[in-house]
Every structure is written in structure tokens, then in C-alpha cells.
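What follows is a single structure, written as C-alpha cells, with notes after it.
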Amino acid sequence: MPTLLQCSVHANTTNYMEYDFREIEKKWRKNWAENKTFSASDDTSKPKYYVLDMFPYPSGAGLHVGHPLGYIASDIYARYKRLQGYNVLHPMGYDSFGLPAEQYAIQTGQHPDKTTKENIARYRDQLDKIGFSFDWDREVRTSDPNYYKWTQWIFIQLFNSWYNPRTNKAEKIETLIAIFEKEGFSGNGHDILTGGVEKNLAPFTAAEWKNFDEQQQQETLMNFRLTYLGEAYVNWCPALGTVLANDEVKDGFSERGGHPVERKLMRQWSMRITAYAQRLLDGLDTIDWSESIKEAQRNWIGRSEGALLRFQVMPHPDLSPALSKGKGANTQGSLRSEEEQGSLRSEKGKGANAQGSLRSEEEQDTNAQGSLQSGKGQGTNAQDSLRSSDNKPGYLTGKAEVSKLNLIRAKEMRDNPTPAESKLWSELKTKQLGLKIRQQHLIDIYIVDFVCLSKRLVIEVDGDIHDHQVDEDLVRTQNLITKGFKVIRFKNDEVLNNIGAVIKQIKQELNTLPDFADDSDEATEGVLEESTVLPPGKERGWEIEVFTTRPDTIFGVSFVTLAPEHELVSQITTPAQKAEVDAYVTKSKNRSERERMADVNTISGVFTGSYVLHPFTGKQIPIWVGDYVLVGYGTGAVMAVPAHDERDYKFAKHFNLPITFVIEPPKNSVEAKASPETTPLSFGEGQGERYGEGEQKPWAEKEGKLINSDFLNGLDVKAAIKKAIAEIDARGLGKKQINYRLRDAVFGRQRYWGEPIPVYYQNGTPYVLNENELPLTLPEVDKYLPTEDGEPPLARANNWKYYPTAGSSQGEEDKAGYNYEHSTMPGWAGSSWYFLRYMDPHNTGEFVSKEKAAYWNQVDLYIGGSEHATGHLLYSRFWNKFLFDLGYITFDEPFKKLINQGMILGRSSLLTAMPINFEVGKKDELTEEDSNLQMELIKQRHFVSKNLAKKIVSNDLNQEEESHVAACLKPIFDEIKNRFAKYDLNEDSLKLNTIVFTRRVDIKYIDNDILNIKDASKDPLFSFLNKSQIVPELDGTYICGNEVEKMSKTYYNVQTPDELVEKFGADTLRLYEMFLGPLEQAKPWDTQGINGVHSFLRRFWRLFHNSENEFSVSDGEASKESLKTLHKTIKKIQDDLERFSFNTGVSNFMIATNEFTDQKCNNRAVLREMVILLSSYAPHIAEELWEKLGEKGSVTYAPFPKFNPDYLVESSFEYPVSFNGKMRFKLELPLTLNATDIEKEVMAQENTAKYLEGKAPKKVIVVPGKIVNIVM
RNA sequence: GCCGAAGUGGCGGAAUUGGUAGACGCGCACGACUCAAACUCGUGUUCGAAAGAGUGCGGGUUCGAUUCCCGCCUUCGGUACCA
């Protein structure tokens, strides 16, 4: 071996001519590459093991020592599994689309592909140096068309699929079409609905579906596709010119680049991840991930169980008829976020139809519905919503609330009048009044008993009334008044017993009223016959829909709060409140997310002037607007229960709104939790309602007994929730509901450097490409910037259009071609399925073959940073589940075990920077120039070595140090004395100011905390050192302080692996990174310790060599001690690997090596096993020694040593003898002794008597083979 | 605020099921080798002079607690008016 005798860099003495890691590592890197040592075979007869690292983004900065930490751990494990005989898949590739390369391209004009390739080359070079056992033949890059062809293909599969709740999985869209053709679609209640987004889609019959034209069908299907075009509020980043995913935004700024982000409504491709919310939640229980990541995902999905509850709005008489119109507006009430967005857009449509109060019902109905429907976030605009009003079901239109049942009931009402109604009608229809009176006539949304349209007089006969009917009648009356009607009421008794007086009163009323033209004869009657259907006896005004997890507190509702963006706000605000509400809404909308976040404690809100009716008590409840309610969650409206919710409580306090306690905390809880501030309340009858008494606090816990709550009284919270939901459901006020915080994922980016979305538009309708037209490659553009009219960069591409291939049935437009989608896919697209491509990276016919996917299956071990907790790790689970549903793969979860490596923190070196003081007596006489100079000198920092600085601050200098510091500062003080003497310089004031600042200095100028002043001051970055005085320690060294913080260029604390590999070798680096501490923990980087690990490898090397550095091992029997050391080590190493405790693994190698050194063991058989053990941690040195031992082939595939416990059997044990649990001395005893004998032996000891101090032991605990404890 | 993780020498950390606290390494001190330095090797190194004390703090369970239980404090990570 040439390496053996060659001198290493350090080897200028014979003593140190040994382990030449540079030669060894170079040699084996080459050997592995040439022999493709780590190539994974697809030999399915062997057991497989899949070890994966998180996909790196090849940034221009290259790797620092923190990056390879996880790669080293996974590599050790992969190599361990190979030793165990597994067929190991351990691939690596690059997530190579992304913003930084594009930003660089914008700045420099360089094609991002070029910079990306350069960055990858650098990454590869760095990775190669560390000796990873990646199978590079399987490398994938997301920006490679051969790869993104399949990303596009998956997009198409998602587009062509929907989520079927009946089967609870994704299916081809054809199965949905089959359902439409057979059953049609029956609206809200239809169980093929998913996700909630499309729930307001209008019902249609099978026949109607078949009659839809192409566009209508496409629009309808768009409601169900798993990737769809829709309008959504997005995180828009103006600086980057693109939208960002929620997880790419941190505190209102972009994660990459730190630019401000704002909310904006945009037409976007989205992924219906919400369809999988429940399965993504359930799946967490089946995988071996850290609890913190699972918890983060659970929070992100944010499931909450509760009830959807409708509150009827009581329109205020002051509300203008035009505004108050709109039956449609109430039917769905408040909306989810997507809907909300739509409602903002639909204003136009709404305004357009809301003209007269007496247009035909049908028209009103459908228009209002249509405009509302358009808000369903399905990528429509105002035009669409207008178009949709022709009542053709598309995904925009539809009437949700009309049911045949109601129609029948309405007719029944008319056909079966009460006796009183019947009696009155017989009088009125005789025309004795001289005016036309109508019976059971529809006005707006109400069926009135009788009406004279030409006089606008409504005559009502009340049945048996009870309390809350009064309130409902009040609403009805008020509503009719706003429509320009006068309402008179009679009781049943009056009609039945005194019909004459009733008729007389009616006549009087009619005489006093002016005439109106009765122009609605046919129309209104017709409507009544055809489509007007109302719930019996239940009039409807607008409704506010709220989501609550606490339906049990329904009787504690004292107000309802709407989000400022809520669509009903503008409609229900009374004229008196309008100015105030408008101002508030405008202010809230303009507040940035960040502002709202920073300002959570400021309570703000405004009263709308309107009320809702309590669904159970009929009480009036004020409607407020408050920005503590978020439009994006639930329905954008809350029922406020201030007594049992912190935020509601604060709001109520602030605006002095009633607080009604409805839950009495359990007695013991109150006592336990009571503090002066939370004095238990007295919950007696009549005490329920309180107005802002300071000492009362909300009780938000889910325990206690219900009070002041009618039918819920006495129940505990859990039971009350159940009963409340049941009652809400039974009375048709709402229903049980599960809500998720998870939003659909926006899938488009207005950027160049990403996968093109394989879609073209024909008449505005999006179509996906055919599979054989993939990949749709990224076109060339002149600039990587948006066009002048704000289109994404892809719009710049020349003549980049879709020309249908054979098979498409297109017409004239063909020649011109169709426009492609101009946005590209987000960064997470390619990384959501890459783990599958590694299984079959060169397959040109499929994204992965079924057989290979079945064999390689789940990733057994996945290592990466926890920063991907809610991004990548959620999206890839989603895609995996989707591909599983479609039968392409056989596993539902992609990553079986996940380990998050902790961050390696940098250790920044800090200079202690101190300013100086000096005062002048004649301040006023300072020239401007000198005054400036004084300021400058005072601002100037001087750098004092750490230990001296400490003493200066604590005024602890000795004589010698004092004069040393003075000498160091003399030049600057002399200068000051010269310059400022004439201003009556106060020389006593000339000293260091003890205010201490710090300044970072590059760690490359630091060795063992000592600054290399000479080199550092030559660096332009630290030229300030030249201008300042430097005060070193007495021995002339300058000692730096240090601080542990993130490794970053700006902190000058970045340690690259390259330098360390150069200096110590890859094996040392690998061992040291593992040795630092537990893999999952964050830990500071400290280069000092690397020497210890390096010298361990040298000692290990020396075991195989004699003092002349010649390879020398003995062939005889190993000593008993050596065998014991070996087998102890085999066991420990294996145990540590199994529990991913790599740091203790390294320790155990050191311990073993120390022991072998002591034993002077160079036994071949023992050392051979040690080489195999070490090979996963330090593969280069292991290969070299393996070869020297005369073994054939790579150590990679040697069998892992077998642990034999026989070698560890001991005949005696050194018992620790404790007194009261405190170990005092040790005693070696044979292991054959039983407890009684051990006790006897211990008690016989002199030492025992000494520690007993003459007392008799109370008890002696003996655990054979473990411990002796004497209790005194 | 909520959720998660963690607090052990001068430093990184070990102690796997309740059984000798501080393995291993760094640093430091001393010694050997050397003209000398580096390297290497050896010895010591929780605090305390000692008795003794000691794993963030205060309690508890136990013969025995870094480990289990209760209550706090601090640090780090995630998340945040989520109804």
C-alpha cells in the first residue's frame, strides 16, 4: 500500500506517520463510484429497507455543517441495514425549482436552469466528500422535464378526480358523472357533497344534467375536482410578485426573503386537500413520528366539533326596502371563507336585481341565489354570477332552499284554513268592501292571511299564541312594514265571536289608506302556485349562521358578532349606524394581517343597529361587528357567550353588554381555581344576567352544570352539548357540524421557475392536456418578470400555445391555438411525490411501476428538519393518499418513521466594544468641526479583551492591569489631549465608558476564543479594528466572548463541512457531527471537540499497526477481556443504532478502543468485527482496514457481528453499598451469593460499622447483582 | 395564551426497566518525551479544607428518584383573536 508508508501532512516525525485520511478517503470514494457499491437492486427476494433524507433545495450558499447532520445519521442507518442483509434504497436528489434561483435570474438575467445546475454541482461535490452511500443512479431533479412530466401527470389525475364521501376515497370523475346521469344532484343534503366548498350548488335532475351544454357541465364538475380553478383569498407578496402558501408566510412576511405579504382575492388553481382532512388526521395515529410534529399537523388541520346554528335577523323598520330585500341572502346566511369572498364579488349581481320589492318571486329568488352562489369560491366573477341568474344550474347558480315538501304544505295551509280564517274569508270575499281581497297570499317571503293589494293592507288572524310566537310575529310585521304594507291583527276569538266589529275595523282602515295600483295580480298568484314555498308558519328574514363548539351555552348568548367582511353587514346595518359601521369595516379591511396580529388586545367593534332573535327564547339579541371574528374561520360569525368565552367576555366588558352565566363550575374546581380575582360566583335564580361587574371572570372550561338554560338545566356540559345539538336539529335551527381549520391549498404561482400547469383554455373553460402531450415544457422567455399588464412571466413566451392533437374535436380556434395556463406550480408540487419516483426513476411509461411501488413500499426511515411539519409533510401525505385511492400504490401513508434532526447552531465570536468618555469645560466654544469630532470619538468603539473588560466593568483591575489598559489607550487619549486642550479638557473624565457593546467577528479568525488580530484587521469587513484601540490581555492575546445563535452568513459563524473534511477527513466529520449530541436536539457547533474524535480514529488505526507503523495483527486466540470488550461493544452499538442514539454509539467506539489499547489487543478476529461495526459510522477507514485485513470485497456487505452474551458472564460483582440510598463504599462479592449471604458479608465489613456509627440498621435491602442499601 | 420539547460539572453530553450521578469527549492543571514548540503518552479534574452537599425550584411516593406524581420557574420550537 503506498498510503501506508507515505507521509501524511502531519507526518514530519516518525511518531505521527500513520492514519492518512486524505489518501484513504480519496481512494475509497473512487472505488465506490466505480463499483456502484451502493446501487440498490430491485431484487424483490431480499427484504427491503427504504431510508430517505428530505429533498434539499440546492441554494447558492452551499452546505454548512448543519445540513449534513441528518444525511450522516440516515447514512449510518442505511449502512447498518446493509450489514444486516437488507436491500437498502438510499437515494438523493434535488428540489430544484424555487424562488431563490429565479430571484437571481431576475437580477442577473441568467437562466435559472444554469444557476440551478451550478448549485447542484457544488452540492454534489460537497456531498461526495462526506462519503454518503447514496445510489446516485436514482437521482431525481424536480426541474427535469422527465421528472415534472409526472408531476404534471399527477396534476391531471387530481383534476380528473373527485372525492366520494360514500366510499370515502378519491375516484375518477366519471363515477361522479355517472351519479349525475342517474340521480342528478339534489342540493345541499345530497350525500355526494364534499368539502363544503360546493355545497351551495343548485340542484338539478338527471335529465337536466344531460341537457347541460359542455360549458355548464364543466362548470358543475369544477365544484368537485380535487384540483380546481377557484377564487380565493391568497397571500400575495408584491415584492416577489407571487402568491405564497400559508406555511411560506411567517408573521406577515415571506419566509424566503422576508418581504411583506398581503391578503388578496385571486383566481387560482387550488388543491382540495380539505376533502382529506379527516383521513389526514386519522392517519397520524398509524405512523411513528414525533409527538410534536403530529401535534403541529393536528393543530393545522384544526378539527372542531360543534353545531351550525341559524339566527333570524329582525330587520329594523328603518332599513330601506331596497336593501332589506333579498330572501336569498338569508337562506345560507353567513358563509365560510370561500363563500365570503364570493359574496364580496357578488355585490354587483345583487344590486342589479334588487330594484323593486314586488318583482316576481322567482326572479328575486334565483337572482339572489345566483349571486350568492357565485361566491362559492369557484373561480367566477361578477359576469358569471349575472349569467348564472337565468337559473341554469352551473356551478354558479341555483336555488338551495326550495323544496317540494314546503310547496305542499303551503297549499295545505290555503286549502285548510282555520275556522276563524274561514269565517273571515267568507265575509271578505263577498266584495262587500268594494275592494279585491286575497287569501293566503304571498308577500315577499311571507304568506299573509288576507291582503288588499290596492290598499296595501294586510289582515292577519292570530292563532293560539305563546311567547316566542309574539317575537316572530313582530319580525313578520316589521318586515311587511318595510315593504310598504300596513298590518292589522285580530285574534281568533274576535273573528269568531264578533265578526261585525272586525269587518268594521277593516273598512275603516281601508278608507284611510291611499290607493295603490294592483299591478301584480297574475304574477304573484302565479308565483304562489308554482314555486313559492315557505315553511309552514315560519317566516324568514335574513339569517346569520354561526358555528359554535359550545351549543350548550346557547342560553348565554347575549350578542352576535360578525366579521367586518361578513356579507350581511352592509345589509342589516340601520341608517343610523351606517356611518359608524362603514368606517369600522373600512378600517378593519385595510388593516394588514400583521397589524391585526400585533394588536390582539385592543377591543374594537360597532353595533349594527339590528337584532337577531334567540332561536329558543325569542329574545332580541344585538348584532355587532368586530374584527376579533375572522371571516376565514367557521361562518365568519359567532354567537357571543361572554360568560364562558374569554374574547366574548372582553368584548362584552368593553361595550358593556350583558353577561349571562349558564354554567356553574363544579364546586371543587371553583375552590381549587379560586383566587382573589376569580371569586366564585353565586349562581342563584335571577342572578344569571349581569352587567359588567368587575370581579367576575368567564368560566370557559368544559365542565360544570348548566343553569339558566331552560331544558338544559342541571345537565353537565358534555350532556348539554349533546342535548342542545339534538334540540337544534329537531327544531330545524341548525345541525351538528364538524369544522376544520385546514384550507384548500393554493396551487398556482405567478412565477417562471416552476412546473408549467398542463392546462389550456377554450372559451374561458380550462382543459387539461392529454397524457401523451406531456411534458409541457417550460418555454423560454425574454425576462423573468411579469408582463406589463400583470400577467405571469410565462405570458411572455412567444407563440406558446396549445394546438389540439388528433382526437380533439375542435373548430376554428384550432389554427390560432389556445392559451396555456400562465401560472406555474408551487415549490411543494415536485416534493410531494419524489419518494415514489426514486423507486423507479427511469420509467418512461409510468410515474412508478406498481410492482416496484409495492416492493419498496413506505419510506421506512425519513430524516429531515421539523420546519416542514405543516408544509411538505402534509402535502405529500395528501398526494400519497390520493394515489393510493386511485390504486397506483398500495400504502396509505408515505413515511412510516420520521425523525427530525435538531438544528446545529453556530457559535458566534464577539468582540467587547467599549466607547470612551471625555468632557470639555468650554463646550460652547467648540468649533463645529471639533464638536463633530468629539461626537465621532465618543461613538467610536474600542475593543477590550473579554477578561479585562469584565474587570473594568466590575472595577476590579489590579495595578498592573490598570497601567496596561492605560498604555493601550494612550494613543487615543493623547490625540484627544492635543486636540481638545484648549477647550478646558477634563482629563479625569478620559476613560472607558463601562457601557459594553459587542461586535461579531468572523470565526475563521478565531482559534480557541483567541482572535488573530493581524489577519482579521486585514479583512475589509473588519477594517474597523484598524481605527480603534485594542486592549488585549496582559499576555497579549485577545480573548473573544461568544454567543450561540443560528448559523448564518450575517453572523460570520458559518462552518462549512469542506474545511473540516480538508483538515480532519470525512470520517472524523461524520463521527463528530454524531458525537455532538442527540440527533433530534438543537446543539451548538464547537470546533474544539473535533480533535478528540479525530484522535480516536488515529488510536483505532494504531490498534492495527505496530510502533513502526507497519500493519500488524495477531492471529491467535483473543484474550477473555478483549472478547468481553468486543461483545459488550457489539451489543451497545446495535442497541444504540436501533434507538437512533448515534452520539452514545460514538462514545462506545471510543471506550472499546481505549480498552483494546489498554489490553494491547491486536487480535485479527476481534479487530475484524470492530471494523464491520465501525464501517457504518466511518466507512473510509473501515474499508481501508478491511482491505488490509485481507478481506475480499467491500465491508459494506459484510455481515453485522453477532452478539454472544456468554463472553459477558461475570463471576463476581462489585456491590455498591449505600446507607439511606447514598453510596458509601464498594464491595466485590461472588455473584453466586444469595441475598442473605450478601447481607452477612456486608454487615461483617469494617466500613459498615463505621457508617452505622453504632446504630442498628432498621432494614437492609439486597438486590443481588445490583445494590445493597442499609436503612438506619 | 395554547401545544410540544428540554433544564445534569467550565463546555457538548451519558445514565435504555426506579438501583454506584457525571460515562465518552472538549477544556483546564500537572508530569513524561523534546534544545524548544507542536504532536503523542500518562495522571488529575462536580462543589467543598472537611463533615457533607449535589441533576432548574418547592413538595410527595419509595429502602432507594436525573428517572414516577403534584405545584411552580426558565429556555427553545410550533401556533395564535379558530368561536
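Under the numbering used here, think of the first position of the first sequence as 341, with each following residue one higher.
Built from N, CA and C at the ideal position, the CB exists for glycine as well.
As the structure is a prediction and not an experimental result, all values here were calculated from the model.
(1) So what does ARG607 bridge to, in DSSP terms?
(2) Which of the three DSSP states is assigned to THR888 in this structure?
(3) If I measure Cβ to Cβ from ALA636 and keep anything under 7 angstroms in the same chain, skipping five residues before and after, which residues do I get?
(4) Output the distance between the C-alpha atoms of ALA1596 and PHE1553, rounded to the nearest integer angstrom.
(5) Starting from HIS407, trace the beta strand (DSSP E) in both directions and tell me its first and last residue.
(6) Can you tell me whether GLY1204 is helix, strand or coil according to DSSP?
(7) Relative to the alpha-carbon of GLU1095, which residue among PHE437, LYS1500, GLU834, LEU1109 has its alpha-carbon at the smallest distance?
(8) What three-state label does DSSP hand HIS1520 in the structure shown?
(9) By alpha-carbon positions, which one of LYS993, LYS489, THR582 ends up nearest to GLU1186?
(10) Let's see if you can read the secondary structure: which residues bound the alpha helix (DSSP H) around PRO1005?
(11) Does DSSP put GLY1485 in a helix, a strand or coil?
(12) Could you tell me the alpha carbon to alpha carbon distance between TYR1143 and ALA617, rounded to whole angstroms?
(13) Quick one: residues in its chain with C-beta nearer than 7 angstroms to the C-beta of HIS954, no 5 flanking neighbours on either side, listed in chain order?
(14) Alpha carbon to alpha carbon, how far is ALA542 from ASN1112? Give it in angstroms, no decimals.
(15) So for ASP1180, helix, strand or coil by DSSP?
(16) Going along the chain, which residues of its own chain have a beta-carbon closer than 6 angstroms to the beta-carbon of LEU1477, five neighbours each way excluded?
(17) According to the neighbour-count rule (16 or more other Cβ atoms, all chains shown, within 10 Å of its Cβ), is GLY1072 buried or exposed?
(18) Alpha carbon to alpha carbon, how far is PHE1313 from ASP1264? Give it in angstroms, no decimals.
(19) Between which two residues does the alpha helix (DSSP H) holding LYS1331 run?
(20) Closest to MET562 by C-alpha separation, out of TYR1107, ASN1053, ILE777, would be which residue?
(21) List the whole-angstrom C-beta distance separating LEU1250 from ARG1339, where the pair is believed to meet the contact cut-off of C-beta under 8 angstroms.
(22) Which runs of the beta strand (DSSP E) at least 3 residues long sit entirely within the segment 420 to 481? Give them in chain order.
(23) With a CB to CB cut of under 8 angstroms and the five nearest residues on each side skipped, what residues in its chain are close to SER1452?
(24) Counting pairs of Cβ atoms below 8 angstroms between the segment 1397 to 1416 and the segment 469 to 481, do you hit three or more?
(25) Is GLN845 helix, strand or coil by DSSP?
(26) Tell me the rounded alpha-carbon separation between HIS906 and ILE943.
(27) Run through DSSP, which three-state label would ASN1138 get?
(28) If distances are taken between C-alpha atoms only, which option among LEU1567, GLU1593, ALA547 comes closest to ALA518?
(29) For PHE830, does the three-state DSSP call read helix, strand or coil?
(30) Let me know the secondary structure DSSP gives THR1164 once reduced to three states.
(31) Once you ignore the five residues that flank PRO398 on each side, which residues in its own chain have a CB closer than 7 angstroms to its CB?
(32) Is the separation between the beta-carbon of GLU1524 and that of LYS367 shorter than 9 angstroms?
(33) Pull up the CB-CB distance for VAL1549 and ILE1578, whole angstroms please, since I reckon it's below 8 angstroms.
(34) What span of residues does the beta strand (DSSP E) with GLY598 cover, start to end?
(35) Mind checking PHE1051: buried by the 16 CB within 10 Å criterion, or exposed?
(36) Suppose the cutoff is 8 angstroms on Cβ atoms and the five residues either side in sequence are ignored; what does the same chain contact list for LYS1354 look like?
According to the structure data:
(1) GLU571
(2) strand
(3) ALA1209, THR1210
(4) 26 angstroms
(5) Looking at the DSSP string, HIS407 is not in any beta strand (DSSP E), and its letter there is neither H nor E.
(6) strand
(7) PHE437
(8) helix
(9) LYS489
(10) Premise fails: PRO1005 is in no alpha helix (DSSP H) and is neither H nor E.
(11) helix
(12) 38 angstroms
(13) VAL897, ILE961
(14) 36 angstroms
(15) coil
(16) TYR420
(17) exposed
(18) 22 angstroms
(19) Where LYS1331 is concerned, there is no enclosing alpha helix (DSSP H), although the beta strand (DSSP E) it sits in stretches over 1325 to 1332.
(20) TYR1107
(21) 7 angstroms
(22) 427 to 429
(23) PHE1444, HIS1445, ASN1446, ASN1502
(24) yes
(25) helix
(26) 18 angstroms
(27) coil
(28) ALA547
(29) strand
(30) strand
(31) TYR434, SER436, THR456, ASN459, ILE460, TYR463
(32) yes
(33) Not really, about 19 angstroms apart at Cβ, beyond 8 angstroms.
(34) Run containing GLY598: none; DSSP gives neither H nor E here.
(35) exposed
(36) none
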